[in-house]
Every structure is written in structure tokens, then in C-alpha cells.
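**Student:** The structure follows.
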Amino acid sequence: MTENKSKKETLPRVGFYICHCGSNIASMIDVLEVQKYAAALPGVAVSREYKYMCSDPGQEMIAKDIKEHKLERLVVAACSPNLHEETFRKAAAKGGLNPFFFQMVNIREHAAWVHEDKKSATEKAKDLARAAIARVRFHKSLDKKRVAVDPNVLVVGGGIAGIHAALTLANAGKKVTLVEREATIGGHMAAFDKTFPTLDCAACILTPKMSAVKSHPNITLWTYSEVSKVEGYVGNYKVTVTRKPRFVKEDLCVGCMECIDACVFKEPKFKDKFNQGLGKRKPVYIDFPQATPKVVLVDPETCIQLKTGKCKQPCAAACDRKAFDFNQKAETKELQVGAIVLSTGFKTYDVARSPQYGYGRYPGVYTALEVERLVNASGPTSGEVVLRDGTHPKAVGIIHCVGSRDAKTNKWCSRVCCMYSLKLAHLIKEHSGAEVYNFYIDMRAPGKAYEEFYDKLLGEGVHFIRGRVDEVTDWAMTPEEEGKLVLRVEDTLAGFVRRIPVDMVVLSTGLEPQPDAQEVRRRFNIGCGSEGFFQERHPKLAPVNTFTDGIYIAGACQAPRDIPDTVAQAGAAAAEALSLIDAGFVELEPNTSHIVEEECSGCKTCVPLCPYSAITFDEAKKKATINEVLCKGCGVCAAACPSGSIRQNLFEDDEIFSEIEGVLAK
Amino acid sequence: MLEQKVKYEGDCDKEFAKWVTSQTGGENLRHCIQCGICSATCPLSLYMDYTPRRLINMAREGFKKEVLGSFTIWLCASCYACRVECPKEIQVTDIMYLLKRRAIEEGVYPRRFPIPVLAREFGRMIFMFGRVNETLLVIDLFLRTNWFKFLGMTGLGMNLMRTGRMSLIPETIKNRAELRKVLDALDADEKSKREAVS
Amino acid sequence: MKKYLYFPGCSLKGSGKAYEESFLAVCKALGMDIRELEDWNCCGATAYMSVEETKSYALAGRNLAIAEREDLDVIAPCSACYLVLNKTQKALKENTEIRRKVVNALKAGGLDYKGTVKVRHPLDVLINDVGLEKISKLIKNPVKGLKLAPYYGCQIVRPYATFDDQHDPVTMDKLMKAAGAECVTWPLKTRCCGGSLTGTVPEVGLRLAYIILKEAKKRGAGAIVTLCPLCQFNLDGYQGKIASKYESVDMPVLYFTQVLGLAMGLPGSELGIKRGIISAEAVLAGGGLR
Amino acid sequence: MSEQFEPKIVAFFCNWCTYTAADLAGVSRLKYAPNARVIRVMCSGRVDPQFVLDAFAKGADGVLLGGCHPGDCHYAEGNYKTLRRMRMLTRMLKDMGIYDGRFRLEWISGAEGDKVKSVINDMTKKVRALGPLDLPGKFKNWDKEIEELEAQVNKGDKDKEAVHAG
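Protein chains in written order, with this note's numbering: chain L, 39 to 704; chain G, 199 to 396; chain U, 29 to 318; chain A, 109 to 274.
Set out below in C-alpha cells:
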């Protein structure tokens with residue numbers, strides 16, 4: 039049994055260090071008491087407390103002690119190992135100790151911050167310290183495994199985030215593959231007319247970047263494609279991509295659009311997705327003039343040839359490049375990359391979930407995205423604000439927080455709605471001269487020049503009514519309300535309820551995770567927060583990293599975010615990927631498993647358990663062997679081995695048993 | 199004559215605020231973001247001296263006098279529109295209820311709202327018969343509060359007679375004894391509670 | 029065939045007689061096995077609930093306890109009863125203190141309640157148990173040309189009902205369409221009629237009722253069809269006063285069960301059609317009915 | 109006021125989900141019972157049933173095992189293996205008289221800091237109600253009983269010898 043063994047050996051000399059973390063730990067845990075307690079434990083040669091162990095002086099102290107007191111093991115009681123394990127391993131190494139002769143005790147996140155009674159919190163800290171001191175004796179000298187990093191990068195999602203990340207990486211000389219689900223890159227931004235707070239035109243700043251992507255020698259652009267499988271590990275990912283058929287050969291089409299004119303449908307008659315259904319398109323189409331790549335595609339839902347096979351195919355005939363191929367099938371491609379940037383973006387709130395605002399029931403009610411197209415010079419109305427019934431609105435109401443800040447829909451503030459509502463208010467007023475009312479709960483304009491933009495709108499005479507609109511109805515109580523849409527709201531600053539008749543209602547919809555965010559995160563083996571956005575590794579210190587090394591996130595797939603922040607984050611993600619690649623190699627945690635051959639009974643229990651098929655059976659020796667390059671260190675095999683011949687580094691049975699005894703022994 | 203509007207901290211009763219949030223239904227009160235959708239959706243807010251939103255804020259700040267003295271709580275018709283709309287799931291209707299109860303306990307409800315009288319007569323009638331005869335209840339109510347308003351109602355009375363929708367004989371249940379035991383038990387429970395406190 | 033218990037509540041024995049008559053007649057015609065809850069007592073209603081909470085829980089509790097013996101769903105046509113009984117169910121389930129008080133009180137009366145009873149509304153039962161299909165089959169003379177404003181009032185879909193949408197309920201519309209009637213679309217379906225105030229604060233109650241009646245008329249409805257005795261009483265009974273205070277609206281207010289009954293060919297006399305203070309004769313005649 | 113019994117709970121948390129969730133609970137300053145002692149493993153699949161038995165044997169009143177939700181395992185399917193093993197273990201423990209939630213398996217994702225709080229509070233409450241398990245104590249008693257038994261037996265033999273001698 040473990041404990042006897044530990045008693046026989048002469049105990050290695052342990053150095054114990056406990057951190058106050060300013061007052062973070064010290065305010066709830068009696069640091070001195072723990073330090074004294076540890077000093078008296080068997081094998082402890084040095085026991086110290088210090089205000090900030092992670093600071094340089096703190097690390098120096100450790101390194102110095104290791105040398106002076108010939109310490110053979112190191113235990114630090116401080117914050118979470120997820121934060122500072124590496125720091126103290128380095129300190130150990132500095133002192134000339136193998137970094138894995140170290141064990142960290144989490145008394146901040148797991149004790150000081152979550153308890154209210156100092157006495158019991160201190161007891162807990164003692165137990166955990168005792169366990170670590172007992173465990174660290176069994177630690178072995180280990181070395182990190184180095185593996186080369188593939189210099190190529192995959193960027194998933196071709197919105198402004200993906201575009202910026204791809205260009206940054208490509209400009210640094212890395213080979214980038216940009217995969218986009220839609221037929222063109224550009225994302226939501228491509229649909230906008232102007233951008234807040236500067237009101238510069240979205241197309242003017244976005245389209246140059248889009249064509250730069252297309253023409254960049256280091257970027258392979260795969261639109262109308264989706265990642266279907268991801269294997270491997272940091273620095274060495276194997277990715278499978280499915281490319282949907284466009285029924286037009288991408289390399290042949292030059293985007294002359296002759297085929298669209300030639301289509302048997304003389305008039306466009308199908309819902310135009312890019313224009314939010316406000317415009318119409320033909321079965322053969324291109325999303326918008328600056329679409330990238332500028333390649334047409336055929337919609338199998340509406341194309342007669344694809345549905346019935348009975349069409350004269352004038353489109354194909356009109357194409358002098360012979361680019362049409364109605365037999366085109368989806369194809370799958372594989373690529374090897376070292377790092378992946380996820381920038382899969384967001385979805386806007388589905389207003390059908392808020393029937394009280396009458397979307398779909400009253401033609402005068404629009405979503406913000408629809409209005410983006412409506413005020414867009416290159417939109418279906420060339421920027422003229424015309425309602426579905428052909429009239430021009432004299433009064434417009436913009437309802438903020440639709441699908442935000444509401445326990446019944448989404449609890450969070452979507453962060454961009456206040457600002458884009460201000461922008462739309464300005465544009466609508468500018469394009470139509472209508473009276474514009476903004477109905478807001480709290481005005482959130484925290485960005486650079488944002489408050490100034492709000493001030494500009496106030497000056498333009500836009501009405502700002504602080505209150506959440508209850509409902510939009512066609513119920514008139516006074517003559518001037520007849521034939522109008524009536525919004526009922528409390529003017530909370532005036533302190534009474536108002537009824538405001540308008541011709542047009544704009545629903546400022548909030549931002550949500552993509553509907554398939556859960557599948558995507560599973561595919562890439564990362565996490566999602568409770569609201570469904572991708573989970574960053576640390577909210578402040580690792581905002582673009584994930585818990586899976588080599589996979590980074592940027593833009594609104596991580597949380598609602600506007601363009602400036604998205605671009606900044608995309609740059610950060612690219613930089614993280616670069617620092618990984620340019621290091622040339624990664625050091626993997628040595629927590630892999632290995633088999634002690636003489637103890638292996640050859641029962642084969644472990645072989646099928648390994649999810650990475652790292653375990654093979656040597657028929658000659660009748661023993662199992664583990665390929666440590668493939669092993670990712672979960673330890674499932676170690677737990678299952680009947681003869682106990684499988685050992686997982688850093689999590690050996692001895693280590694865990696002694697830890698169990700440690701936390702319980704009194 | 200001008201009325202001073204400034205409020206001093208001494209004017210609010212933090213205990214009252216604590217009490218409201220400690221009651222069933224009052225839990226989420228502190229989370230109110232003052233969006234005012236409760237007032238917007240309330241069919242009665244146009245008659246209220248304070249809109250529901252303002253009342254909520256006054257209650258959580260402890261302006262007991264103003265809250266319990268307000269018409270607002272008596273104008274609530276328990277249509278639950280606010281409760282359904284509230285983005286913070288605040289049970290506004292139930293808060294109105296518990297404020298009514300408190301106002302009655304402290305005897306500060308405005309005289310022109312005979313709801314407490316109605317409730318009392320209602321209770322008395324149930325205790326006697328187990329069921330309520332609307333006609334008797336209404337007559338009783340008006341006689342106790344404002345009898346000439348009652349005269350104004352005779353037209354309706356005649357109509358109800360004509361259409362056989364009005365009877366002057368109270369409906370009663372068989373097992374009145376059982377029901378009384380139940381109600382008495384509750385009173386006893388309440389009493390023991392109060393004694394325990396004092 | 030599923031069995032049900034029926035909780036009339038005080039109104040359906042008084043001003044809401046017509047609701048009881050028509051509801052039971054329709055159940056009979058549909059061959060439903062339904063029996064009045066034995067020795068039921070007043071549910072407590074919201075006026076009482078608002079000032080004597082625990083007592084009204086106990087009142088409702090006694091009814092639920094009696095119903096539990098029979099282990100059947102209870103149908104409560106009156107909105108106030110439906111709300112209070114459901115609210116009691118919820119309170120007894122979620123609030124230990126209330127449960128303690130009420131259960132003990134019931135014990136004192138020799139009653140016991142475990143909390144298994146389901147309280148349901150006629151709309152819920154007709155749509156989800158009986159089914160539109162079966163009902164449509166029994167429509168003998170559809171009320172063609174009858175234009176109705178379906179009025180749900182407050183306490184049915186709010187806050188406890190789960191069988192219909194809180195903002196835009198449709199179950200009654202479906203039934204009325206099945207009966208051959210036309211339904212106007214209007215935004216006041218679930219807006220409070222002020223019924224609980226007309227008695228105590230008349231000026232307020234009257235205005236709310238007037239708003240509903242006027243809008244229904246404006247939308248071209250020949251009659252309002254409702255499912256709540258208090259709403260019916262309030263909208264029907266006070267039109268005289270409304271006429272003198274605002275304007276004459278002259279809008280009959282029927283129960284959906286009455287319209288359904290007529291469409292199923294039941295005689296008006298069995299459906300209490302004549303009990304409306306504002307006569308529906310003319311409108312119904314327009315609908316080809318006698 | 110009498111000192112109430114404070115159960116000792118050993119918690120094995122997987123590094124990627126539950127341990128992270130516990131960190132999140134800390135960062136969010138959620139307050140929960142101080143009774144659990146967390147032992148970090150890379151995957152809940154590393155937890156050998158022996159660890160659980162050992163914890164009870166060494167005096168734990170409860171053992172909590174936390175892993176990623178099914179389908180979310182950082183190592184693809186480690187938590188499924190955990191599930192299978194622990195089902196069996198639970199039955200075993202029952203036969204040994206250890207049940208009523210003294211051993212508990214929970215899926216807690218990295219985002220569910222609040223679940224760490226509620227699970228630990230709930231388990232502490234339940235195990236506290238159950239009272240101490242105290243296997244070490246029981247072991248001692250059993251040893252003692254056996255010794256006494258032996259003593260008696262030996263004594264009996266001596267008496268017999270005496271009789272024969274006489």
C-alpha cells in the first residue's frame with residue numbers, strides 16, 4: 039500500500055509557500071496559521087508566506103530557497119493552477135529543480151473567494167496544503183514533449199473578423215485557408231449602409247479588404263463551404279471541409295452575369311436572402327455586385343433544371359466560358375493546419391418570439407437588418423425609405439432592446455443596438471425627413487466618440503423616450519391615431535404613459551449565438567458560456583484563447599461586439615496564432631500515460647478505451663504499448679488497467695492516493 | 199399653495215423596503231430596471247397617482263407613506279399584464295396584493311376605495327354560506343359604502359331580474375361546519391404566530 | 029371517454045347562468061361525461077385573494093381536496109376561479125409555508141390534499157381533449173354571416189394558462205370559426221375589461237368596458253364572444269350607463285359556448301340566449317338563427 | 109448551541125469542465141459550503157473506483173465526482189466511461205451500505221459556476237443530515253470485536269485444558 043512505502047523512504051525536502059494575494063486570500067484565510075501548520079508537517083524544510091508569490095521577488099525567494107535549503111519538492115498555495123502553475127514551474131526550474139517536482143494548491147478560487155467563515159476556510163486551506171505536500175513526494179522528474187507546429191492556419195467565418203484575421207496572418211507570410219458558409223465573404227457588415235459613429239460607408243471600407251482576401255497569394259478562399267471534421271491537437275490539426283455545389287465552376291466564372299439575364303425567369307421572383315427578402319432574385323444569382331468571389335451560383339430550391347431536369351438552360355448557353363455544371367456534387371477537402379481562428383459571428387434575434395410588436399401582422403413593422411438594406415444606396419430601394427405598401431413614413435418609432443435585457447428572451451445587453459439604433463435614426467431622418475422616436479431603456483454609448491454621436495442625434499431633433507414599449511397595435515383612440523401604428527410606452531422620465539402613432543416601426547433586435555454554435559463548438563472541442571456564445575479561456579487575460587490550445591476565437595461568436603472591437607479582437611487572435619506558429623514547436627504537458635511492461639498482463643482492456651487509438655497490442659510480446667505522441671493524457675486507460683501497469687504522469691495512483699489521504703488525515 | 203417635493207433619507211423606511219422584498223412575490227423587486235413596461239401595459243395606469251414602475255421604485259426605496267397611501271394599489275384589477283411583460287419576472291400583481299394587505303393592516307387605505315369592505319363582506323358571506331350571492335354582496339357593499347350610488351344601480355338590478363340572472367336567496371353548501379373548521383384553524387394559526395412574535 | 033368534474037363557481041349560479049346552461053348543453057351534445065363537484069364552495073376570487081391570501085388559498089384548497097378524492101380533472105369555466113384554483117395549486121407546490129398552513133387547516137376540517145388535481149378551462153378541454161375535428165362534425169347549422177369579436181379577457185391566458193398564447197390567444201377563434209362564424213382580428217383580445225372595478229370604482233370600470241365595446245364595434249363585429257362571466261356581466265350589464273356617460277354601443281355579449289351550441293343545432297332556450305341584457309336576437313337572426 | 113456535524117466531502121473534478129467551473133465560481137465570488145476538498149484530474153475518466161473506495165475508507169462522509177456533460181468531454185468520450193464505471197460502483201457501494209447520495213456523479217460544464225455552488229451546498233446539506241459515515245472508526249470497532257472474539261476463544265481453550273488437567 040502507498041502509505042507504508044512513503045513511510046519507509048526518507049522524505050524528500052519540501053518547500054511550502056503560501057500567498058496572501060494582497061488581501062484576496064488573506065482576508066478569508068489565516069495565512070500565518072496555515073504557514074505555521076505546514077512548517078510542522080513531515081518533510082517540510084521551508085515554509086513561508088508572502089504578499090504576492092507570483093511577483094518577481096516571490097519567485098526569486100523560491101529559487102533562492104531551493105538552492106540554499108536544497109529543496110527537492112515545491113508546493114505553492116495561491117490561486118488556480120490554470121492561472122499560475124506555469125509561473126511557479128519556471129521558478130522551480132530557475133532554482134535548478136525539475137519543474138514537475140511542483141504541486142499547486144488552489145486556495146483563492148476554491149476557498150478564499152467562495153467561503154464566508156474564516157475558520158472553516160482556513161481549515162480547508164490546511165487540508166489542501168497537507169494533501170499537496172503528501173502528494174508532491176511521489177512526483178517524478180519529467181520533461182515536456184516538443185512537437186513541431188504546422189505553419190498553416192485555418193480561419194472559419196468570412197465576416198469582418200475572419201477577413202481581418204486572415205489578412206493579418208497572410209501578410210505575415212502564413213498560408214491561410216478562409217472557409218465561409220455563405221456564397222460570399224463580408225458577413226453582416228456587407229449588408230450595412232453606414233457604420234457608427236463615423237458614418238463612413240461600410241462598403242467603402244469593407245470591399246477593399248474583401249478583394250484583398252481574394253487576390254492575396256497566401257490566402258485560399260473557400261466560400262459556400264463548411265468545416266465538417268477536426269482531428270489532431272495543437273500545432274497539428276487535420277481538418278475536413280465540405281464544399282457545397284454552386285453548379286458553376288468557380289475557376290471558370292468571371293462574374294459577367296450574362297447568365298442571370300438569360301435565365302428562363304424573365305423577372306426575379308424569389309425571396310432575396312441578402313436583402314432580407316425585401317428584394318427578389320432569380321434561381322441563378324449573385325448576392326450583391328461586390329460579392330467575393332464574384333461567382334454566380336444556382337439555387338437548387340428554385341432552379342427548374344435542378345428541380346425537374348426540364349429546362350432549356352439558357353443560362354448555360356449564355357456562358358461563353360462554359361462554367362455551368364448541373365451535375366456538380368458536394369466535395370470534401372482535407373487540410374493540415376497548426377492553428378485555427380474561429381470567427382463564425384452571430385445571429386439576430388427572431389422577432390417572431392415577440393408577437394406583441396406585430397412583426398408580420400403589420401406591414402409597417404421592420405427588423406433593424408431590413409432597415410439596413412432599406413437605407414442602403416445599393417439596397418432594393420436604392421436607399422429610399424419606402425414602406426411595403428409603397429408609402430413614405432412621416433413618423434418612425436425605433437424600439438430598442440428587442441430580444442435583449444429580458445428574462446423571457448435573452449438576459450444580456452446586446453451592446454451594439456443602442457448605437458446602430460442611433461445610426462438608423464440618423465439615416466432614416468436624413469433619407470425621409472420623418473419624425474423619429476427612439477424608445478430606449480438605458481442609452482449605452484461607451485465607445486470612442488459614441489457619446490458624441492448620441493449628442494449629435496439629440497441635436498438633430500430625434501425624440502428619445504426612456505421606456506420599454508409594451509405593444510404595437512393598429513388600435514386607434516384618437517383621430518390622429520387612425521390608420522397608424524400606435525406604440526404604448528411609459529415616458530419614464532415624464533412619469534406618465536404615452537401613446538405614439540407612427541407609420542413605421544423598427545425593431546432593434548439583439549445579437550444571439552449562431553443556431554449551430556453548439557455543434558460547432560463540439561466539432562472544434564471548445565466550450566460555450568451558458569448563453570451559448572463561445573467561451574474564452576479567461577474573461578480578461580485570455581479573451582481570444584480557448585481551453586483548447588491552438589484554437590482562437592474572434593468577433594461576435596464570443597459575445598455581442600461592434601466592428602471596432604471585432605477587428606481589434608481578430609488582430610489579437612491572429613497575433614496569438616502567429617506567436618504559436620513562429621515559436622515553431624509546442625511543448626505538450628507530460629501528463630501522458632505509459633505502460634510498465636513487466637506488470638502488463640496483456641488483457642487488452644485498455645486498447646479499445648483510448649479515443650485516440652494511441653494504444654496498440656504487441657502480439658509478439660503479448661503486451662500493450664502506448665504511443666505517447668498520440669496520447670493526450672486523459673488517463674482513462676490508467677483508471678481501467680486491472681494490473682495497474684498503466685501510469686499517467688503527474689496523476690499516478692500513488693500521487694492521487696496520497697492526495698486523498700492528505701485531504702482527510704487529521 | 200406650494201408643496202415641498204424634496205425627500206430626505208429620514209423620510210424613507212428601509213425596514214419597509216426589506217419587508218416588501220422578503221414577502222412571497224416581492225423577491226425580484228430589487229432587480230427592477232425601471233423600463234416602465236408594467237405601466238405601459240397596465241390598463242389602469244392612466245388613473246393611478248403613481249405608475250406601477252414608480253410605485254415599485256418607491257417601495258424598494260422604502261417610501262412607505264406614499265406607497266401605502268397611493269391609489270395605485272387599489273386600482274390594480276389583477277389582470278396580470280404587467281406580471282407577464284416584466285423583463286425581470288417581477289410579480290407586480292402579487293406586490294400590489296401584499297401592499298393592499300399591509301395598507302389595510304395599518305388602516306391607511308383611501309376611503310374612496312371600498313375594496314377592503316367588499317373583501318370583508320365577501321369573507322363574512324363565505325363564512326356564513328360557503329358561497330357568494332353576487333346580488334346580496336353588491337347591495338350590501340353599496341349600502342355600506344355609498345348608498346346613493348346604489349340607487350344608480352337599480353336599473354341594472356331590474357335588468358338582471360328580467361333576465362333571471364339575479365336571486366335574493368343565498369346559495370349555501372351542505373358541509374358548512376367543515377369549512378368553518380378550516381377557516382378557524384387558519385385564524386388560530388395566525389393568532390399563535392402573532393403571539394409568538396410579540 | 030374521459031370523465032371530468034365541473035366547478036361552476038358562484039357566478040355561473042348567478043349572473044352567469046347562461047354560461048352554465050350553454051356549457052353543460054354543449055358538453056352533453058358532445059357526449060362528455062361531466063359531473064358537478066360535490067358540495068363545492070366559493071373559490072375565494074381575486075378580490076378576496078388580494079386581501080385575505082391564505083384564506084382564499086384554503087377556500088380553493090377545500091375544493092381541490094374534494095376533487096382529489098375522485099382523481100379527475102376539474103373544469104373551471106369562470107376565469108377568476110380558473111386563476112385562483114391554479115394559483116393555489118402553484119402556491120401549495122412551491123411555497124412550503126403556505127402548504128403547511130393550508131394543509132393543516134384542511135386537516136382540521138377532516139380534509140387531506142396531496143396536490144394531484146389538474147384544473148382546466150373549457151377551451152383547453154374542447155381543443156385538446158375533444159378536438160376540433162369531432163366538434164366540426166357536430167356543427168349542424170353553421171352560424172354563417174355572424175361576425176364576432178373574440179374576447180378572452182385577462183385571467184385566462186395570464187399568468188398560468190399554458191394552452192394558449194399569452195399575447196395572441198387563438199383557441200376560441202378556432203372554435204368560433206369551426207362554428208361557421210367570422211372572427212374580427214383586434215388587439216384588445218386580452219385587455220382587461222375592468223370588471224373587478226366596476227362595482228367599486230365605477231368611473232374607471234365603465235371606461236375600460238367602453239373601450240372594449242367601442243373597438244369591437246369599430247372592427248365590424250356584430251357581437252362580442254367571451255369566456256368569462258365577469259367580463260360578460262361587465263360588458264353586457266353596464267351598456268346602459270355607458271350609453272349615458274359616453275355613447276350607445278348596443279353590442280350583444282355572448283358566451284362562446286352559446287354560439288357553439290347554436291351551431292350544433294341546440295335550441296336557444298337551452299343556451300340562455302335570452303339572458304343577455306343586450307338582446308342578441310337581431311344579430312343571430314342575421315346569422316340565420318332563431 | 110451544540111456543534112453541528114460538518115461532513116468531509118472529497119471531490120474529484122475534471123480539469124476542463126468542473127474544475128474550471130469551480131474557478132469560475134470563485135471569480136464570480138459565489139459563496140458555498142466549505143466542506144468539499146477538490147482533487148484535480150485531467151478527465152473524470154481517470155477516476156478509478158478504487159479512489160472513491162479509498163476516500164470512504166480514509167474517512168470521507170461523501171465523495172463527489174464532477175465531469176463534462178455527455179458529448180462535451182475534452183477527450184471525446186472519457187465521461188461516458190466514467191458513467192459506466194460509476195453505475196457499477198454505485199451498486200457496489202449500496203451493497204456495502206453506502207448510499208443515499210453519499211456518492212454523487214455530476215456533469216458540470218466550464219460555464220456552470222452556479223451549479224458547482226448548488227451541487228456542493230445540496231450535497232453538504234444531505235450528507236450532514238445523514239450524519240458521519242466514519243468507516244475508519246467502524247474498521248477499528250470490527251478489529252476490536254474480532255480481537256475480543258479471539259481472546260474469548262483462546263480463553264475457552266485454556267479452560268478446557270484446565271478441565272482435562274484436573
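Yeah, the Cβ is synthetic: ideal placement off N, Cα and C, and Gly gets one too.
Identify the contact partners of Ala-159 of chain L in chain A, using a Cβ-Cβ distance below 9 Å as the criterion.
**Tutor:** Ordered by position in chain A, the residues that pass the 9 Å Cβ test against Ala-159 of chain L are Pro-142.
**Student:** Using the three-state DSSP reduction, which class does Trp-260 of chain L fall into: helix, strand or coil?
**Tutor:** Residue state, collapsed to three classes: strand.
**Student:** In three-state DSSP terms, what is Leu-373 of chain L?
**Tutor:** Of the three classes helix, strand and coil, the one that applies to Leu-373 of chain L here is strand, per DSSP.
**Student:** Since I believe Gly-81 of chain L is in contact with Arg-168 of chain L (beta carbons under 8 Å), could you give me their beta-carbon distance rounded to a whole number of angstroms?
**Tutor:** With a Cβ gap of about 11 Å, Arg-168 of chain L and Gly-81 of chain L do not count as contacting.
**Student:** Put Lys-263 of chain A into one of helix, strand or coil per three-state DSSP.
**Tutor:** Three-state result, Lys-263 of chain A: helix.
**Student:** Once the 5 residues before and after Ala-119 of chain A are set aside, which same chain residues still bring their CB inside 8 Å of it?
**Tutor:** So the list reads Ala-144, Arg-145, Val-146, Ile-147, Val-171, Leu-172, Leu-173, Gly-174, Ile-228, once near-sequence residues are dropped.
**Student:** What residues in the stretch 378–404 of chain L bring their beta carbon closer than 9 Å to a beta carbon of chain U?
**Tutor:** The stretch 378–404 of chain L vs chain U, Cβ under 9 Å: Ser-392, Pro-393, Gln-394, Gly-396, Arg-399.
**Student:** Count the other CB atoms within 10 Å of the CB of Ser-107 of chain U; is the residue buried (16 or more) or exposed (fewer)?
**Tutor:** So Ser-107 of chain U ends up on the buried side.
**Student:** At what residues does the beta strand (DSSP E) containing Thr-654 of chain L begin and finish?
**Tutor:** Thr-654 of chain L -> beta strand (DSSP E) spans 653–656.
**Student:** Examine chain U for any beta-carbon lying closer than 8 Å to the beta-carbon of Gly-353 of chain G, and answer yes or no.
**Tutor:** Answer yes: the Cβ-Cβ gap between Gly-353 of chain G and chain U drops below 8 Å somewhere.
**Student:** What residue from U:Leu-288, U:Gly-137, U:Leu-100 has the CA that sits closest to Gly-254 of chain U's CA?
**Tutor:** The amino acid occupying residue 254 of chain U in the given sequence is Thr; Gly does not appear at that position. Considering only alpha carbons, the answer is U:Leu-288.
**Student:** So, using beta-carbon positions, are Arg-251 of chain G and Arg-303 of chain U closer together than 8 Å?
**Tutor:** Against a cut-off of 8 Å, the Cβ pair of Arg-303 of chain U and Arg-251 of chain G comes out as no contact.
**Student:** Going by Cα to Cα distance, which pick from L:Arg-173, L:Lys-157, L:Ala-131 is closest to Val-143 of chain L?
**Tutor:** Nearest of L:Arg-173, L:Lys-157, L:Ala-131 to Val-143 of chain L, Cα basis: L:Arg-173.
**Student:** Shorter than 8 Å from the beta carbon of Arg-453 of chain L to some beta carbon of chain G?
**Tutor:** No, its Cβ sits nowhere closer than 8 Å to a Cβ of chain G.
**Student:** From Leu-391 of chain L to Gly-224 of chain G, what distance separates their C-alpha atoms?
**Tutor:** Reading off the sequence, residue 391 of chain L comes out as Arg, not Leu. Spanning the two alpha carbons is a distance of roughly 27 Å.
**Student:** Spatial neighbours of Leu-335 of chain G within its chain, please: C-beta separation below 7 Å, excluding the five flanking residues on both sides.
**Tutor:** Answer for Leu-335 of chain G: Glu-319, Phe-320, Met-323, listed in chain order.
**Student:** Could you spell out where the alpha helix (DSSP H) holding Tyr-341 of chain U opens and where it closes?
**Tutor:** With chain U covering only 29 through 318, there is no way to say anything about residue 341 of chain U.
**Student:** Under 8 Å, CB to CB, which of the residues in the stretch 197–230 of chain A have a partner in chain L?
**Tutor:** For the stretch 197–230 of chain A, which is checked against every Cβ of chain L, the residues closer than 8 Å are Ser-217, Gly-218, Ala-219, Glu-220, Lys-225.
**Student:** If you measure between the beta carbons of Lys-217 of chain U and Pro-187 of chain U, is that distance less than 8 Å?
**Tutor:** Their beta carbons are not under 8 Å apart, which means Lys-217 of chain U does not touch Pro-187 of chain U by this criterion.
**Student:** Need the endpoints of the beta strand (DSSP E) that Arg-281 of chain L sits in, please.
**Tutor:** Here the beta strand (DSSP E) through Arg-281 of chain L covers 274–281.
**Student:** Could you tell me which chain L residues have their CB closer than 7 Å to the CB of Ser-400 of chain G, listed as they occur along the chain?
**Tutor:** Summary: the structure shown does not reach residue 400 of chain G, with chain G confined to residues 199 through 396, and so no result is reported for it.
**Student:** How far does the beta strand (DSSP E) with Pro-551 of chain L in it reach, from first residue to last?
**Tutor:** Element bounds for Pro-551 of chain L: 549–551.
**Student:** Taking Cβ-Cβ distances below 7 Å as the criterion, which residues of the stretch 225–256 of chain G are in contact with chain U?
**Tutor:** Those residues of the stretch 225–256 of chain G that come within reach of chain U (Cβ to Cβ, closer than 7 Å) are Pro-241, Leu-242, Tyr-245.
**Student:** Answer with yes or no whether the minimum CB distance from Met-109 of chain A to chain L is below 8 Å.
**Tutor:** Reliability fails at Met-109 of chain A, whose pLDDT of 43 lies under 50, so the model's placement of it is uncertain and no value is given.
**Student:** What did DSSP end up calling Ala-597 of chain L once you bin it into helix, strand or coil?
**Tutor:** If DSSP states are grouped into helix, strand and coil, Ala-597 of chain L belongs with coil.
**Student:** Beta carbon of Gly-134 of chain A, beta carbon of Val-152 of chain L: below 8 Å?
**Tutor:** Cβ distance < 8 Å, so Gly-134 of chain A and Val-152 of chain L count as in contact.
**Student:** Could you list which residues in chain L have their beta carbon closer than 7 Å to that of Glu-96 of chain U, in chain order?
**Tutor:** Neighbours of Glu-96 of chain U on chain L: none; closest Cβ ~33 Å, over 7 Å.
**Student:** Please return the same chain residues whose Cβ sits closer than 7 Å to the Cβ of Trp-124 of chain A, not counting the five positions on each side in sequence.
**Tutor:** Around Trp-124 of chain A: Cys-176, His-182, Gly-218.
**Student:** Using the C-alpha atoms, what's the distance from Leu-290 of chain U back to Glu-283 of chain G?
**Tutor:** Glu-283 of chain G and Leu-290 of chain U: Cα-Cα distance of roughly 37 Å.
**Student:** Give me the residue from L:Tyr-262, L:Phe-230, L:Val-69, L:Val-277 with the minimum Cα distance to Asn-563 of chain L.
**Tutor:** Minimum Cα distance to Asn-563 of chain L is reached at L:Val-277.
**Student:** Taking contact to mean at least 3 C-beta pairs separated by less than 8 Å, is the stretch 50–67 of chain U in contact with the stretch 279–298 of chain G?
**Tutor:** No: fewer than three Cβ pairs fall under 8 Å.
**Student:** What is the DSSP secondary structure of Lys-345 of chain L, counted as helix, strand or coil?
**Tutor:** It is helical.
**Student:** What is the DSSP secondary structure of Arg-148 of chain U, reduced to helix, strand or coil?
**Tutor:** Looking at Arg-148 of chain U - three-state DSSP - the assignment turns out to be strand.
**Student:** Using only the alpha-carbon positions, how far apart do Ala-580 of chain L and Lys-108 of chain L sit?
**Tutor:** Distance between the alpha carbons of Ala-580 of chain L and Lys-108 of chain L: 36 Å.
**Student:** Please confirm whether Asp-444 of chain L has its beta-carbon closer than 8 Å to some beta-carbon of chain U.
**Tutor:** Chain U, which has no Cβ nearer than 8 Å to the Cβ of Asp-444 of chain L, makes this no.
**Student:** By DSSP's criteria, Cys-122 of chain A is part of a beta bridge. Which residues make up the other side?
**Tutor:** A:Val-149.
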